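In what follows, a structure is listed as structure tokens, so that the remarks can point back to it.
Encoded structure:
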């Protein structure tokens, strides 16, 4: 019996879809908007791209088409229009946060920073974590590093 290779297999179609995967662009949520349609028309005119949005209660949830549009809309809304809004970081802009444990409570953070730099880590900052209720230090240190290939 001969098998037709005219149709691609399921695995082939999955490979095609994976290669066309677009990067995740987080939405922007503008609080207390009473005229969402008007705001959307303004954003479409400013970005010269089709921006989609949805009104959820009295909030406007904006879905930008690209990373550049997301940054432009976010700056336009918060800086120029002075509207109350929030968004999430783009995954490639996130920082790495590492908790270091197993060190004594009185270990100086300056020594830890020096030791990490000797191991060729470039960090934003290092701080010792504190207990919630009291002011005592925990034997945990938080190191925040920029996301790059070295780290």
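Residue numbers (the working numbering): 1 to 151. We treat Cβ as the ideally placed atom computed from N, Cα and C, and that holds for glycine. This structure is a prediction, so every number in the text was calculated from the model and none was measured.
With 16 other Cβ atoms within 10 Å as the buried cut-off, status of residue i
i: residue 143; result: buried
i: residue 110; result: exposed
i: residue 84; result: exposed
i: residue 99; result: exposed
i: residue 56; result: exposed
i: residue 60; result: buried
i: residue 141; result: buried
i: residue 101; result: exposed
i: residue 54; result: exposed
i: residue 87; result: buried
i: residue 81; result: exposed
Start and end residues, alpha helix (DSSP H) containing residue i
i: residue 113; result: 109-118
Check whether residue i and residue j have beta carbons under 8 angstroms apart
i: residue 95; j: residue 147; result: yes
i: residue 72; j: residue 27; result: no
i: residue 76; j: residue 116; result: no
i: residue 50; j: residue 44; result: yes
Span of the beta strand (DSSP E), counted from its first residue to its last, around residue i
i: residue 86; result: 85-87
i: residue 123; result: Run containing residue 123: none; DSSP gives neither H nor E here.
i: residue 101; result: 96-101
i: residue 79; result: That residue, residue 79, is in no beta strand (DSSP E); it is neither H nor E in DSSP.
i: residue 23; result: First-last for residue 23: undefined, no H or E at that position.
i: residue 33; result: Neither: residue 33 is in no beta strand (DSSP E) and is coded neither H nor E.
Cβ neighbours of residue i in the same chain (closer than 8 angstroms, five flanking residues each side left out)
i: residue 138; result: 105, 128, 129, 130 and 131
i: residue 103; result: 112, 139 and 141
i: residue 34; result: 58
i: residue 67; result: 23, 25 and 90
Cut-off 7 angstroms between Cβ atoms - residues of its own chain near residue i, not counting five sequence neighbours on either side
i: residue 32; result: 58 and 84
Residues of its chain near residue i, where Cβ-Cβ distance is below 6 angstroms and the 5 sequence neighbours each way are ignored
i: residue 125; result: 144
i: residue 136; result: none
Starting from the N-terminal side, write out each stretch of the alpha helix (DSSP H) that is 4 residues or longer and does not extend beyond the stretch 40-77. Whole alpha helix (DSSP H) segments, 4+ residues: 67-75.
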